[in-house]
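Chains as they are written, first to last, in full-length UniProt numbering: chain A, 1 to 149; chain B, 1 to 149; chain C, 1 to 149; chain D, 1 to 149.
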DNA sequence: TTTT
DNA sequence: TTTT
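Written as structure tokens, this is what we have:
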């Protein structure tokens with residue numbers, strides 16, 4: 001009885017990060033920027049950029065890790081999810097992410113947005129970054145789990 | 001060159017809060033829940049509820065303040081916006097909200113989702129709540145501003 | 001490299017029609033109305049209703065046949081598809097439908113939009129209707145086919 | 001109490017056609033293709049292309065007429081509308097179009113999807129084409145009308 | 001053909 | 001941190 005849907009078209013700010021949970025499930029993180037232009041009260045054109053944290057799981061994670069790169073323009077469809085975590089002082093903190101289940105690379109073949117792997121899919125060495133980076137180490141997925149979030 | 005769109009169908013967790021900026025612009029805040037059901041690894045049906053903070057401005061804010069109420073099911077369309085604020089220790093904190101520009105009340109006349117004002121639009125007494133409540137007092141809008149965010 | 005998405009919230013004009021292809025694949029057809037209100041040049045409020053033909057396949061078709069009914073308000077997500085057929089004079093004709101892959105019943109339990117089967121899922125006796133009714137008799141699906149359209 | 005929304009990312013099949021109603025309102029028509037790939041029952045990758053007729057009004061029509069061209073990849077957001085017309089034998093016919101209110105050119109500067117006017121906005125000489133081309137000649141709009149469809 |  |  002509910003709908004939770006996000007649709008974004010934007011550009012990656014950095015290369016995506018592909019990782020694996022302890023049980024071997026692929027997860028890919030990256031952020032994309034959307035920019036809105038508007039006129040301020042003086043009639044001058046201004047821009048406002050919004051950054052969105054994207055999480056992708058399983059097969060689509062592998063594809064994102066393999067084909068996406070900094071600067072690429074993509075279409076993302078997914079759902080909003082707010083994740084709770086604790087900062088170093090044990091205080092509760094919340095981070096909102098888009099859990100994407102569809103991704104389309106935009107632009108046409110021949111430009112930087114063309115198909116074809118950009119590089120060897122690079123697995124990130126570790127996950128010691130401070131939040132909002134998720135640490136999935138303590139998540140005990142089976143690789144074939146139908147992960148519900 | 002970008003798209004930032006959120007579509008939600010969910011139910012209000014509380015009555016909406018209608019306020020006005022110092023310059024008289026109406027702003028309405030409320031949160032809605034979306035619930036997803038899935039089967040866990042034991043095959044049992046589980047539910048996961050997500051809460052979304054909604055912000056509405058100007059005329060639509062007045063409508064939301066007047067017609068929405070706790071429990072009502074609505075359709076929301078808007079954009080994602082992450083707002084930065086400081087906690088009491090001066091640390092940067094971020095809250096993600098949906099700035100809605102379309103709202104539809106769902107359900108049919110005769111149920112609790114019917115049309116007709118639920119009450120006198122209630123203006124909240126103050127805005128001294130802790131974040132993620134936005135404090136718009138220091139925002140100097142003109143009422144007719146084309147507020148860009 | 002493309003996106004084809006339709007999102008509708010509207011009411012069924014009639015009970016849905018559930019059928020099966022020769023190979024046993026369930027297909028459900030119904031139409032929903034969306035209504036837009038606007039002001040004409042005299043400032044009078046006018047309404048314009050749009051009718052949308054919905055097609056649903058397989059498991060979701062069974063659900064729609066079982067739970068939907070005339071008047072119910074639903075959320076539909078799917079894709080646009082234009083189907084070519086021939087009228088009685090052999091002229092080519094085109095009908096645009098929404099092939100839905102997600103459906104949500106709206107409203108809350110207790111009203112007419114509540115859950116629970118409305119009746120025995122009724123299979124339509126035949127398909128001798130004139131277009132835009134699709135005649136799937138000559139479609140040779142295997143029940144488990146991953147029907148691509 | 002309803003929602004009627006279409007979201008497309010696709011490529012123009014031809015240059016857009018910019019026209020004006022008798023009262024001077026700009027209207028732009030073009031079609032875009034979306035392509036879906038799937039595997040047939042033999043496991044072979046197949047493609048299915050869908051064509052969508054787009055109608056844009058007023059200021060956005062001028063922009064589309066000026067900047068869009070055959071082959072360009074765009075994002076379109078709008079609503080479904082089925083228009084009734086009569087064929088030469090006086091039989092009723094129906095054409096479904098997307099009335100777009102948002103358009104974004106995709107891809108990055110430097111490729112064929114770059115910004116900058118492609119040519120002088122070309123006004124089509126006449127509108128004697130057979131349907132589904134709309135003939136707006138008998139529509140009596142005032143240029144500033146808030147055209148409701 | 002629905003609904004408000 | 002992107003892009004225009």
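Note that beta-carbon positions come from the ideal geometry of N, C-alpha and C, so glycine has one too.
Item: Suppose the cutoff is 6 Å on Cβ atoms and the five residues either side in sequence are ignored; what does the same chain contact list for residue 47(D) look like?; Value: 35 and 37
Item: Do you know whose CA, among 75(C), 57(C) and 88(C), lies nearest residue 23(C)'s CA?; Value: 57(C)
Item: Taking 9 Å as the CB-CB cut-off, is residue 75(D) touching chain B?; Value: yes
Item: In this structure, what does DSSP give as the bridge partners for residue 7(B)?; Value: 5(A) and 77(B)
Item: Taking residue 2(A) as the query, report the chain B residues whose CB atoms sit under 8 Å from its CB, ordered along the chain.; Value: 8, 9, 10, 11, 33, 34, 35 and 36
Item: Which residues, in chain order, does the region 65 to 95 of chain A contribute to contact with chain B at a C-beta distance below 7 Å?; Value: 80, 81 and 82
Item: With DSSP run on the structure shown, which of helix, strand or coil describes residue 18(C)?; Value: strand
Item: State the start and end residues of the unbroken alpha helix (DSSP H) segment that holds residue 58(A).; Value: 58 to 67
Item: Run the proximity test for residue 59(B): is its beta-carbon closer than 8 Å to any non-hydrogen atom belonging to the ligand SAH?; Value: By its list of ligands, the structure shown contains no ligand whatsoever, and the ligand SAH lies outside what it can speak to.
Item: Using a cut-off of 8 Å between C-beta atoms, extract the partners of residue 104(D) located in chain B.; Value: 1, 2 and 3
Item: Have a look at residue 82(C) and residue 33(C) and give me their C-alpha separation to the nearest angstrom.; Value: 19 Å
Item: Return the CA-CA distance between residue 49(D) and residue 98(C), expressed in angstroms with no decimal places.; Value: 15 Å
Item: Taking only beta-carbon atoms, is residue 17(B) less than 9 Å away from chain A?; Value: no
Item: If contacts are defined as beta-carbon pairs under 8 Å, then residue 55(B) and residue 100(B) qualify, I think. What distance do you get, rounded to the angstrom?; Value: 7 Å
Item: Let's see if you can read the secondary structure: which residues bound the beta strand (DSSP E) around residue 87(A)?; Value: That residue, residue 87(A), is in no beta strand (DSSP E); it is neither H nor E in DSSP.
Item: Can you list, in chain order, the residues of its chain whose CB lies under 6 Å from that of residue 77(D), leaving out five sequence neighbours each side?; Value: 7 and 102
Item: Quick check: the Cα distance between residue 71(A) and residue 93(A), rounded to an integer number of angstroms?; Value: 29 Å
Item: Is the beta carbon of residue 11(C) sitting closer than 9 Å to the one on residue 59(C)?; Value: no
Item: To the nearest angstrom, how far is it from the Cα of residue 127(C) to the Cα of residue 68(D)?; Value: Its pLDDT being 40, under 50, residue 127(C) is placed unreliably by the model, and nothing is read from it.
Item: Quick check: the Cα distance between residue 51(C) and residue 106(C), rounded to an integer number of angstroms?; Value: 18 Å
Item: Please report the distance separating the alpha-carbon of residue 65(A) from that of residue 4(B).; Value: 23 Å
Item: Helix or strand or just coil, what does DSSP make of residue 23(C)?; Value: coil
Item: Does the beta carbon of residue 51(A) come closer than 9 Å to any beta carbon on chain B?; Value: yes
Item: Going by alpha carbons, who is nearest to residue 13(D) out of 30(D), 2(D), 96(D) and 85(D)?; Value: 30(D)
Item: Beta-carbon of residue 98(A) versus every beta-carbon of chain B: anything under 9 Å?; Value: yes
Item: For chain D, is any of its Cβ atoms less than 9 Å away from the one on residue 43(A)?; Value: no
Item: Taking the alpha-carbon of residue 53(B) as reference, which of 42(B), 89(B), 80(B) and 62(B) has the nearest alpha-carbon?; Value: 80(B)
Item: Would you list the residues sitting across from residue 45(B) in a DSSP beta bridge?; Value: 39(B)
Item: Assign residue 179(B) to buried or exposed, taking buried as 16 or more other Cβ atoms, counted over all protein chains shown, within 10 Å of its Cβ.; Value: The structure shown does not extend to residue 179(B), since chain B spans only 1 to 149, so no value can be given for it.
Item: Who are the Cβ neighbours of residue 90(D) in its own chain at under 7 Å, not counting the five residues just before and after it?; Value: none
Item: Taking the C-alpha atoms as reference points, what is the distance between residue 110(B) and residue 28(B)?; Value: Residue placement at residue 110(B) is flagged as unreliable, the pLDDT there being 48, under the threshold of 50; the coordinate-derived value follows with that caveat. Approximately 25 Å between the Cα atoms of the pair.
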